[in-house]
Amino acid sequence: MLLIANSCLAELLFGSDLFGMALFTLKNDLERRESEHIICIVQGYISYVGYSLQNYCFLLQAFYRFMIVIHPTHLYYQTAKFQLILIFTVWIFSFSYAIPILYTGQLKYNVANQICQMPLGFSFYGVYTALCIYGIPMSLIMGAYTKVVQYVRKLNKQVSSTNLVYRAERELKMIRRIVIIVLIIIGIGFPYAVFSFMAFFVDPPEYYLRIAFACVDMSLPTMMITLLLFTEPLKVAILKRLHVKTNLITAVAS
């Protein structure tokens with residue numbers, strides 16, 4: 001539950017920043033203002049931090065399931081202390097990796113889209129950002145999933161404890177759900193990837209960032225709903241609270 005709560009906190013940060021960016025864009029559109037503002041730069045920086053946090057928080061969940069299956073006797077990896085260390089490390093990394101982008105002035109104010117982001121196209125910082133945000137966490141999540149699949153198949157072929165096989169298959173199911181969420185992220189972020197690839201050869205459409213971020217905005221409620229459906233303890237706790245409130249309202253009304 002600690003890692004799930006961490007993912008929800010990361011989504012809250014990311015969602016709040018996207019909401020602030022949308023308000024900034026709307027305000028500038030209504031006032032027809034075309035001037036850069038420090039708030040725009042900060043929002044752009046936080047957007048890169050939030051997207052990184054989102055992906056690395058899912059990586060932490062996959063890593064936790066991986067350690068439970070592959071190294072079940074290493075109990076330290078299952079403690080809250082170790083999880084807090086990992087969470088702290090991920091947050092520090094996510095805020096730190098984006099500092100060079102901010103410090104070197106890579107965040108540019110795009111007048112047409114009323115947003116501060118790195119210009120699309122092939123560049124060192126573009127590759128660096130894609131690797132940090134996408135390449136590393138996604139490849140490690142898929143690697144953990146592959147290893148656990150291989151391990152479960154190996155257990156099924158051997159004469160193993162029924163409880164051990166059941167536990168391994170249960171954790172495999174959880175990692176598979178994380179992979180599904182990751183695939184949702186990739187699918188919804190597909191328009192941005194298309195515009196990024198297009199920028200290598202031609203100029204993207206004028207309002208490409210508005211289109212791309214509209215898709216990103218759609219991803220947050222989709223992921224939160226998916227996370228709720230896939231996390232049984234969280235779903236049960238929320239349903240219990242809703243049930244208690246419903247009973248309380250019914251009792252007061254009667």
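All residue numbers for the sequence shown refer to the UniProt record's numbering, where the first residue is 1 and numbers rise by one.
C-beta: ideal position from N, C-alpha, C; glycine also.
In this text, all values refer to a predicted model and were calculated from it rather than measured experimentally.
Nearest-angstrom Cβ-Cβ length linking residue i and residue j, presumed shorter than 8 angstroms
i	j	result
Tyr192	Ala112	With 8 angstroms as the limit, Tyr192 and Ala112 do not qualify as a contact, their Cβ atoms being about 16 angstroms apart.
Tyr48	Thr129	7 angstroms
Phe95	Phe200	Their Cβ separation, rounded to whole angstroms, is 29 angstroms, which puts Phe95 and Phe200 out of contact at 8 angstroms.
Ile70	Lys147	7 angstroms
Gln106	Asn28	No, Gln106 and Asn28 are not in contact; Cβ-Cβ is about 21 angstroms, not under 8 angstroms.
Closest Cα partner of residue i within the set the options
i	options	result
Arg210	Ala5, Leu23, Glu11, Cys8	Leu23
Gln54	Glu31, Phe190, Phe93	Phe93
Val149	Met138, Phe124, Arg176, Leu131	Arg176
Asn6	Thr73, Leu26, Thr89	Thr89
Tyr97	Ile186, Met1, Leu131, Asn28	Leu131
Pro72	Ser123, Tyr151, Ile185	Tyr151
Ile68	Ala144, Pro100, Phe201, Ile186	Ala144
Gly187	Tyr76, Met218, Val202, Met174	Met218
Ile87	Ile99, Phe213, Leu172, Ile4	Ile4
Sequence-distant residues of the same chain with beta carbon closer than 6 angstroms to residue i, five excluded per side
i	result
Leu102	Tyr45
Ile136	none
Close beta carbons around residue i, own chain, < 7 angstroms, minus the five adjacent residues each side
i	result
Val182	Phe58, Met138, Ile141
Tyr51	Phe14, Ile133
Pro204	Leu120, Phe195, Met198
Ala212	Pro191, Tyr192, Phe195
Tyr77	Met67, His71
Gln43	Asp17, Gly20, Met21, Phe24, Cys116
Alpha-carbon to alpha-carbon, residue j and residue i
i	j	result
Phe82	Phe66	14 angstroms
Tyr64	Ile180	17 angstroms
Lys154	His74	20 angstroms
Ala10	Thr79	21 angstroms
Met174	Val202	41 angstroms
Pro221	Thr25	20 angstroms
Leu172	Ile178	10 angstroms
Val169	Ile99	A quick correction: the sequence has Glu, not Val, at residue 169. For Glu169 and Ile99, the distance between alpha carbons rounds to 40 angstroms.
Leu12	Val127	27 angstroms
Ile184	Cys8	16 angstroms
Same chain only: Cβ atoms within 8 angstroms of residue i, ignoring 5 sequence neighbours per side
i	result
Thr104	Tyr125
Trp91	Leu53
Phe190	Cys215
Leu2	Ala80, Gln83, Leu84, Ile87
Test: residue i CB closer than 8 angstroms to a CB of chain D
i	result
Ala98	Among the chains in the structure shown there is no chain D, since it carries only a single protein chain.
Distance cut-off 7 angstroms: residue i Cβ against heavy atoms of the ligand GTP
i	result
Gly44	You won't find the ligand GTP in this model; it holds no ligand whatsoever.
Count the C-beta pairs between the region 55-62 and the region 12-28 that are closer than 8 angstroms, then say yes if the count reaches three, no if not.
Short answer: they don't touch.
Do three or more CB pairs link the region 31-38 to the region 118-138 at distances below 8 angstroms?
Inter-segment contact for the region 31-38 and the region 118-138 is absent: fewer than three beta-carbon pairs are separated by less than 8 angstroms.
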